[in-house]
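Heads up: the sequence lines are chains A and B, in that order.
Per the working numbering: the first sequence ends with 371, consecutive numbering throughout.
Per the working numbering: the second sequence ends with 506, consecutive numbering throughout.
By construction, the Cβ of each residue, glycine as well, lies at the ideal position given by its N, Cα and C atoms.
The structure displayed is predicted, hence computed values, not measured ones.
Down below is the structure, laid out as structure tokens.
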Amino acid sequence: SAVISQKPSRDICQRGTSLTIQCQVDSQVTMMFWYRQQPGQSLTLIATANQGSEATYESGFVIDKFPISRPNLTFSTLTVSNMSPEDSSIYLCSVDMTQGSRAFFGQGTRLTVV
Amino acid sequence: EDQVTQSPEALRLQEGESSSLNCSYTVSGLRGLFWYRQDPGKGPEFLFTLYSAGEEKEKERLKATLTKKESFLHITAPKPEDSATYLCAVQVASSYKLIFGSGTRLLVRP
């Protein structure tokens with residue numbers, strides 16, 4: 258398995274500002290993913306972040322709103338830009354290090370936009 | 397369109413009362429079906445991956461099974477500590493991303 262650390266664990270932000278969420282993994286992984294879990298909802302994939310290439314975004318998510326960095330095989334960041342109350346969610350980092358047979362999640366970042 | 401549907405939305409059991417959770421799916425090609433447990437305020441905890449119809453996997457009081465259209469998570473003699481939301485997800489053959497169902501909230505009363 259993998260140990261995944263996300264920072265911050267929670268934050269309350271003012272609308273119009275941006276927040277960068279960090280994801281650190283204790284081993285090198287090829288595939289990293291960012292998910293959003295809105296209140297009372299299930300998980301929705303935002304983007305796939307692979308080292309050495311630009312992130313691939315899912316329908317409904319754009320790079321200007323959710324820029325992602327993946328500088329190496331153990332670290333990634335997700336920025337939530339120009340936040341509105343609708344961005345209030347839990348944001349989760351996930352890694353797959355077994356060619357699709359297991360996917361592990363961080364503890365999530367609970368974001369509240371006021 | 398790839399889709400995952402879980403039922404029931406919520407389930408209340410007495411301690412020791414066995415039951416099953418259902419996950420039905422339609423996908424263009426299935427790489428694997430995943431089950432997770434999620435406790436409030438935490439990220440999903442990996443439980444099982446199933447790959448082909450007829451496959452079964454067990455972990456303590458949990459057993460997951462898979463057919464061509466659905467998966468079941470059987471809970472035998474549950475305990476209060478089994479209370480959580482159980483999430484099902486499919487991994488599409490063309491990628492490694494997961495498509496999640498809406499989850500089943502399980503409450504086991506002592």
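Kindly indicate the opening and closing residues of the beta strand (DSSP E) around Asp382 of chain A. With chain A running from 258 to 371 in the structure shown, residue 382 of chain A is simply not present.
Please list the residues of the region 346-370 of chain A that have a C-beta atom closer than 7 Å to any C-beta atom in chain B, keeping them in chain order. For the region 346-370 of chain A, residues whose beta-carbon sits nearer than 7 Å to a beta-carbon of chain B comprise Leu349, Asp353, Gly357, Ser358, Arg359, Ala360, Phe361, Phe362, Gly363, Gln364, Gly365.
Okay, do the region 459-466 of chain B and the region 260-278 of chain A touch, 3+ Cβ pairs below 8 Å being the bar? Inter-segment contact for the region 459-466 of chain B and the region 260-278 of chain A is absent: fewer than three beta-carbon pairs are separated by less than 8 Å.
Pro506 of chain B: buried (16+ other C-beta within 10 angstroms of its C-beta) or exposed? Mapped onto the second sequence, residue 506 of chain B falls at position 110. With fewer than 16 other Cβ atoms within 10 Å, it is exposed.
Have a look at A:Phe318, A:Val286, A:Pro296 and flag the residue whose alpha-carbon is nearest the alpha-carbon of Val221 of chain A. Past the edges of chain A, shown from 258 to 371, lies residue 221 of chain A, and the structure says nothing about it.
Rounded to a whole number of angstroms, what is the C-alpha to C-alpha distance between Ser491 of chain B and Gln298 of chain A? As a position in the second sequence, residue 491 of chain B is number 95, starting the count at 1. As a position in the first sequence, residue 298 of chain A is number 41, starting the count at 1. A direct Cα-to-Cα measurement between Ser491 of chain B and Gln298 of chain A gives close to 23 Å.
Let me know the secondary structure DSSP gives Glu452 of chain B once reduced to three states. What you label residue 452 of chain B is simply residue 56 of the second sequence in a count that begins at 1. Glu452 of chain B falls in the strand class under three-state DSSP.
Spell out whether any CB of chain B is found under 8 Å from the CB atom of Phe290 of chain A. The sequence position of residue 290 of chain A within the first sequence is 33, counting from 1. Closer than 8 Å to some Cβ of chain B, the Cβ of Phe290 of chain A qualifies, so yes.
For Gly363 of chain A, does the count of other Cβ atoms within 10 angstroms reach 16, so buried, or fall short, so exposed? Counted from its first residue, the first sequence places residue 363 of chain A at position 106. Counting C-beta atoms within 10 angstroms of its own C-beta, Gly363 of chain A has 16 or more neighbours from the protein chains shown and is therefore classed as buried.
Short Cβ contact (8 Å threshold) for Phe442 of chain B with Ala485 of chain B: Residue 442 of chain B sits at position 46 when you count from the first residue of the second sequence. Residue 485 of chain B sits at position 89 when you count from the first residue of the second sequence. No, the Cβ-Cβ distance between Phe442 of chain B and Ala485 of chain B is not below 8 Å.
Looking at the secondary structure, which residues open and close the beta strand (DSSP E) in which Asp435 of chain B lies? Walking along the second sequence from the start, residue 435 of chain B turns up at place 39. That residue, Asp435 of chain B, is in no beta strand (DSSP E); it is neither H nor E in DSSP.
Interface positions of the region 484-502 of chain B facing chain A (Cβ-Cβ less than 7 Å), listed along the chain: Close to chain A, meaning a Cβ-Cβ distance shorter than 7 Å, are the following residues of the region 484-502 of chain B: Gln487, Tyr492, Lys493, Leu494, Phe496, Gly497, Ser498, Gly499.
Report, in whole angstroms, the separation of the C-beta atoms of Thr336 of chain A and Phe318 of chain A, which I expect to be a contact under 8 Å. Locating residue 336 of chain A in the first sequence gives position 79, counting from the first residue. Locating residue 318 of chain A in the first sequence gives position 61, counting from the first residue. Not confirmed; about 12 Å, so no contact.
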